[in-house]
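Some notes on the structure that comes next.
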Amino acid sequence: MAKDSDKTQDELKAESPAAAAPATPQQPAPRQQIQVNDTNVIASYANFCRVTGTPEELIIDFGLNPQPFGIPTEPVVVGQRIVTNFYTAKRMLQALMLTVQRHEAAFGVLETDVQKRVVPGAIQAAQAAQAAQQQQPQK
């Protein structure tokens, strides 16, 4: 067997991995997996989201609305805030859209209008309970 230095350029090219595979136009690079350490993550629930921002950053507040029907009479307590740049926000938007599309394909369309989702009697009962609570004297 000849040493590499004794081989011709054509022989070296024929042995290279690039020469073994047929040339294809612009094959995408394989996706690399990013390792994530989530051992210290704290999970929390939010049913309220507010998005604001500056020209450089996007600010997303998450909180819990104790009164999901109508206009809240109590302040919504914001428990988490994410500040990110618009590039990350766009990637997050794409990831969320793909995830929601997959969910809807499996389970059906998600109706975001509460008035269309809830039984009409439940809304009236919640409003009546709220009115009764407001009429009670404060202690």
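In numbering that gives the first Met the number 0, the protein residues as written are 0 to 138. C-beta atoms are modelled at their ideal positions from N, C-alpha and C, and glycine is treated no differently. None of these values were measured; they are calculated from a predicted model.
On the DSSP letters alone, give me the boundaries of the beta strand (DSSP E) that residue i sits inside.
| i | result |
| --- | --- |
| residue 30 | Here residue 30 belongs to no beta strand (DSSP E), and DSSP marks it neither H nor E. |
Look up residue i in the DSSP assignment and give the residues it is bridged to.
| i | result |
| --- | --- |
| residue 84 | 56 |
| residue 61 | 48 and 79 |
What is the residue span of the alpha helix (DSSP H) that residue i lies within?
| i | result |
| --- | --- |
| residue 114 | 113-116 |
Using a 10 Å radius around the Cβ and a threshold of 16 neighbouring Cβ atoms, would you call residue i buried or exposed?
| i | result |
| --- | --- |
| residue 0 | Confidence in residue 0 is poor, its pLDDT being 48 and thus under 50, which makes the residue's placement unreliable; the coordinate value appears in the next sentence. With fewer than 16 Cβ atoms within 10 Å of its Cβ, residue 0 is classed as exposed. |
| residue 107 | exposed |
| residue 69 | exposed |
| residue 124 | exposed |
| residue 78 | exposed |
Pop quiz: residue i and residue j are said to be a contact at Cβ under 8 angstroms. What is the actual Cβ separation, rounded to whole angstroms?
| i | j | result |
| --- | --- | --- |
| residue 90 | residue 58 | About 17 angstroms; that fails the 8 angstroms criterion. |
| residue 47 | residue 62 | 4 angstroms |
| residue 109 | residue 99 | 7 angstroms |
| residue 56 | residue 76 | Not a contact, Cβ separation roughly 23 angstroms. |
| residue 71 | residue 64 | 6 angstroms |
| residue 67 | residue 113 | 7 angstroms |
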